[in-house]
Amino acid sequence: MDKKKRKVYTPAEKRRRNRRHNAIVTSIAVVLMLAGIIIIVSDTTFFFDDAGRWIRRNIFGEVFETIPPFPTGSPSGPSDPDDPNNHNIGPQGSLVPRPTFSPDETPLPENVTEEPFIYDYAPECVYFPQYDITCPVDPVGYNWRGEMATVRSPFRAGWLKYSGDPVTGGNVILAGHNRYSGKLGYFSVVKDKLQPGDQVIVKMQNGEYAYYIVESINQYHYQHVPWEVMQHDGESRLTLITCLGDFSSSAGTSMHRVVAVCRPYTGE
1348 MDKKKRKVYT PAEKRRRNRR HNAIVTSIAV VLMLAGIIII VSDTTFFFDD AGRWIRRNIF
1408 GEVFETIPPF PTGSPSGPSD PDDPNNHNIG PQGSLVPRPT FSPDETPLPE NVTEEPFIYD
1468 YAPECVYFPQ YDITCPVDPV GYNWRGEMAT VRSPFRAGWL KYSGDPVTGG NVILAGHNRY
1528 SGKLGYFSVV KDKLQPGDQV IVKMQNGEYA YYIVESINQY HYQHVPWEVM QHDGESRLTL
1588 ITCLGDFSSS AGTSMHRVVA VCRPYTGE
């Protein structure tokens, strides 16, 4: 029985085969390198989010929320007693009561859609003008552990609906992700960029704006956050919260928090 003869390639044929092989390997390496660059860029910047926004705005004509101007003088609005539209009231008046909730409310089943939360003074969007960031806000409650629930998006924040609001006062508590599902979150600005003296603007569901100035930024271990950070009432203020550090699977959360406290802008 004759054995099948193995083909013998000439030096020229070997070079051609090697070139094809090298071209394939090089192409695969380039694709993998580009994929890695895309992952790194999308993981550490808002480049693709901003690019997608530009395409949808300029090519498809989609309208996006724009950052309102920060007042240069004494602001009119909810915190200005001279504003005829001021919602603050004297001792003889009364406000329409805001919706109330029990922290022990029973969570809805997975397949049940919660009724839209409607409250004129509920934060709807938060702006960081110096950093060109516009972050939508959703109302949230407490999770099964009695902690403030979080939104499931890197590009949205949660407003604790039991906390204060910009008009009736108290502590307006907003929390957002520094990172979520491998993506940099809009609230990473609180950890990486925000400074005392920076401006923060909150848009409410009624279309009005509340203006704040960052007063302080502090970091805490998640088990040692001062109680006043989550206090609902007290002096009017805006509290911005995000995570710091790697996620701990044993704790079920990041080990530290960054907390920015902002005071209402008075024009001074």
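Following the working numbering, the numbering of the sequence shown begins with 1348 at its first residue and continues without gaps.
Even for Gly, the Cβ is constructed at its ideal location relative to N, Cα and C.
* Opposite Phe1475 in the DSSP bridges: which residues? -> Bridge partners of Phe1475: Ile1480.
* Are the beta-carbon atoms of Val1606 and Ile1588 separated by less than 7 Å? -> Cβ distance < 7 Å, so Val1606 and Ile1588 count as in contact.
* To do: Would you check if there are 3 or more beta carbon pairs closer than 8 Å linking the stretch 1489–1509 to the stretch 1553–1564?
  => Verdict: no, contact absent.
* Is the beta carbon of Tyr1569 sitting closer than 7 Å to the one on Thr1600? -> Going by C-beta atoms, Tyr1569 is nearer than 7 Å to Thr1600.
* Just grab the DSSP bridge partners of Leu1521 for me. => The partner list for Leu1521 (beta bridge, DSSP) reads Trp1506, Leu1587.
* **Val1537 to Gly1523 span [Cα, whole Å]** => Rounded to the nearest whole angstrom, the C-alpha separation of Val1537 and Gly1523 is 9 Å.
* **Contact set for Thr1481: own chain, Cβ-Cβ below 7 Å, skip 5 residues either direction** => Scanning its chain for C-beta atoms nearer than 7 Å, with the 5 sequence neighbours on each side dropped, one finds around Thr1481 the residues Glu1412, Ile1414, Cys1472, Tyr1474, in chain order.
* Integer-rounded CB distance, given that His1603 should sit under 8 Å from Leu1591 -> Indeed, because the Cβ distance is near 4 Å, the residues count as touching under 8 Å.
* To do: Quick one: grab the DSSP three-state call for Val1549.
  => Under the three-state reduction of DSSP, Val1549 is assigned to strand.
* So, is Thr1373 buried or exposed, given that buried needs 16 or more other C-beta atoms within 10 angstroms? -> Exposed is the call here.
* To do: Would you check if the distance between the CB atom of Gly1687 and the CB atom of Asn1525 is smaller than 7 Å?
  => Outside the shown range of the chain, which is 1348 to 1615, sits residue 1687, and nothing can be said about it.
* Would you check if the distance between the CB atom of Ala1469 and the CB atom of Pro1513 is smaller than 7 Å? => Contact flag unset, no.
* For Pro1501, collect the residues of the same chain with a Cβ closer than 6 Å to its Cβ; drop the 5 residues on either side in sequence, then sort them by chain order. => Excluding residues within five positions, the ones whose Cβ falls inside 6 Å are His1524, Tyr1527, Lys1530, Gly1532.
* **Contacts around Gln1477, its chain only, beta-carbon distance under 6 Å, and the 5 residues preceding and following it disregarded** => Excluding positions up to five away in sequence, the list reads Asp1545.
* Can you give me the Cβ contacts of Trp1574 inside the same chain, cut-off strictly under 6 Å, excluding the 5 residues immediately before and after it? => Answer for Trp1574: no residue qualifies.
* **Test item: CB-CB of Asn1518 and Arg1610 under 7 Å** => The answer is no: Cβ separation not under 7 Å.
* Asked: Tell me, which residues are paired with Tyr1556 by DSSP?
  -> Lys1550.
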